[in-house]
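*Asks:* One structure is given below, represented as structure tokens, and several questions about it will come after.
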Amino acid sequence: MALHFGKRETEQPKPLSSGMATPRYGAATPSAPQQTPSTPEAAPAVTTPASATASTSTAPEGGSKLTVGPNIKLKGVEITDCDTLVVEGMVEATMDSRVIQIAQQGEFKGSAEIDIAEIRGVFDGNLTVRQKLVIYASGKVTGKIRYGKVVIEEGGQLSGDIECTVSTASRSASKPSMALAA
Numbered sequence: 196m197a198l199h200f201g202k203r204e205t206e207q208p209k210p211l212s213s214g215m216a217t218p219r220y221g222a223a224t225p226s227a228p229q230q231t232p233s234t235p236e237a238a239p240a241v242t243t244p245a246s247a248t249a250s251t252s253t254a255p256e257g258g259s260k261l262t263v264g265p266n267i268k269l270k271g272v273e274i275t276d277c278d279t280l281v282v283e284g285m286v287e288a289t290m291d292s293r294v295i296q297i298a299q300q301g302e303f304k305g306s307a308e309i310d311i312a313e314i315r316g317v318f319d320g321n322l323t324v325r326q327k328l329v330i331y332a333s334g335k336v337t338g339k340i341r342y343g344k345v346v347i348e349e350g351g352q353l354s355g356d357i358e359c360t361v362s363t364a365s366r367s368a369s370k371p372s373m374a375l376a377a
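If you want my numbering, it's the position in the sequence shown, counting the first as 1, plus 195.
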């Protein structure tokens with residue numbers, strides 16, 4: 196298991212044996228096929244059809260992803276420039292991100308401002324979800340919660356200071372448009 200800090204690169208990492216004088220793990224010699232996949236432009240043109248090339252162009256949409264694995268505790272940090280945070284362990288932090296996914300055994304304490312939240316574990320703190328909050332049957336969300344849309348499976352728990360921000364924004368947006376029409 197590996198933790199990735201910062202943005203994930205689309206290019207595959209080079210093998211550790213590249214540039215080394217001695218072969219690694221009993222390999223006779225580093226061969227040319229090991230080095231050719233390191234250039235993303237050459238590999239799709241040679242080995243994949245046009246449809247696969249189109250799918251690789253959509254890969255950057257996933258963006259940067261940080262996974263905090265099981266039995267890992269991450270405390271006292273500020274998480275920024277992370278498109279997706281996957282919590283399988285325990286995180287105590289503040290974050291501004293696009294997506295948070297808390298696994299069933301995962302726990303997040305702190306504050307988060309995000310677009311989409313998928314909670315299967317525990318969230319405790321200040322949560323602002325700009326678009327959609329999904330709480331699964333095993334999920335528990337407590338604290339000060341602001342959301343655009345919410346979906347709660349049977350068994351999911353939501354408690355604390357809860358407010359739907361979309362209805363407030365749509366009401367205030369509809370008043371000026373009525374005034375303009377009059």
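Backbone N, C-alpha and C fix where the C-beta goes; we use that ideal spot for every residue, glycine too.
Are there 16 or more other CB atoms within 10 angstroms of the CB of T275, so buried, or fewer, so exposed?
*Replies:* As a first step, residue 275 must be located in the sequence shown, where it is residue number 80. Per the 10 Å Cβ criterion, exposed.
*Asks:* Can you find the residues in the same chain that come closer than 6 Å, C-beta to C-beta, to K378, ignoring five residues on each side of it along the sequence?
*Replies:* For the chain, the structure presents residues 196 to 377; residue 378 sits outside this window and is missing.
*Asks:* If we call anything under 7 Å between Cβ atoms a contact, is Q326 one with G338?
*Replies:* As a first step, residue 326 is located in the sequence shown; it is residue number 131 there, counting from the start. As a first step, residue 338 is located in the sequence shown; it is residue number 143 there, counting from the start. Not closer than 7 Å, so no.
*Asks:* Around the Cβ of A332, are there at least 16 other Cβ atoms within 10 angstroms (buried) or fewer (exposed)?
*Replies:* Indexing the sequence shown from 1 puts residue 332 at position 137. It is exposed - the Cβ of A332 has fewer than 16 other Cβ atoms within 10 Å.
*Asks:* Buried or exposed for V272, going by 16 or more other Cβ atoms inside 10 Å?
*Replies:* The sequence position of residue 272 within the sequence shown is 77, counting from 1. Exposed is the call here.
*Asks:* By how many angstroms is the C-alpha of L280 removed from the C-alpha of S306?
*Replies:* Taking the sequence shown and counting its residues from 1, the one referred to as residue 306 is at position 111. Taking the sequence shown and counting its residues from 1, the one referred to as residue 280 is at position 85. Computed Cα separation, rounded: 13 Å.
*Asks:* Starting from E358 and walking both ways along the beta strand (DSSP E), at which residues does that stretch end?
*Replies:* In the sequence shown, residue 358 corresponds to position 163, counting from 1. It spans Q352 to C359 - the beta strand (DSSP E) in which E358 sits, taken as one unbroken run.
*Asks:* Flag this pair as yes or no: are the beta carbons of E302 and M285 separated by less than 7 Å?
*Replies:* For the purposes of this step, residue 302 is taken as the residue at position 107 of the sequence shown. For the purposes of this step, residue 285 is taken as the residue at position 90 of the sequence shown. Yes, the Cβ-Cβ distance between E302 and M285 is below 7 Å.
*Asks:* What distance in whole Å lies between the Cβ atoms of D319 and V294, which are believed to be in contact at a cut-off of 8 Å?
*Replies:* Residue numbering aside, residue 294 sits at position 99 when the sequence shown is read from its first letter. Residue numbering aside, residue 319 sits at position 124 when the sequence shown is read from its first letter. Between D319 and V294 the Cβ distance is about 19 Å, and since that is not below 8 Å, they are no contact.
*Asks:* State the Cα-Cα distance for the pair E283 and S354, rounded to the nearest angstrom.
*Replies:* Position 88 of the sequence shown holds residue 283. Position 159 of the sequence shown holds residue 354. Each residue's Cα considered, the two are about 22 Å apart.
*Asks:* Excluding the 5 residues preceding and the 5 following T143 in the sequence, name in chain order all residues of the same chain whose CB lies nearer than 7 Å to its CB.
*Replies:* The structure shown does not extend to residue 143, since the chain is modelled only from 196 to 377, so the question has no answer here.
*Asks:* Tell me, to the nearest whole angstrom, how far the beta carbon of I330 is from that of E348; I am working on the premise that it is less than 8 Å.
*Replies:* To locate residue 330, count along the sequence shown from 1; it is residue 135. To locate residue 348, count along the sequence shown from 1; it is residue 153. Rounded, the Cβ-Cβ distance is 7 Å, consistent with contact.
*Asks:* Roughly how many angstroms lie between the CA atoms of D291 and Q300, to the nearest whole one?
*Replies:* Within the sequence shown, the letter at position 96 stands for residue 291. Within the sequence shown, the letter at position 105 stands for residue 300. Near 22 Å, if we compare the C-alpha coordinates of Q300 and D291.
*Asks:* Using a 10 Å radius around the Cβ and a threshold of 16 neighbouring Cβ atoms, would you call V263 buried or exposed?
*Replies:* The sequence position of residue 263 within the sequence shown is 68, counting from 1. Buried, since its Cβ has 16 or more Cβ neighbours within 10 Å.
*Asks:* Can you tell me the Cα-Cα spacing of E308 and E287, whole angstroms?
*Replies:* Looking up residue 308 in the sequence shown gives position 113. Looking up residue 287 in the sequence shown gives position 92. Answer to the nearest angstrom: the Cα atoms are 14 Å apart.
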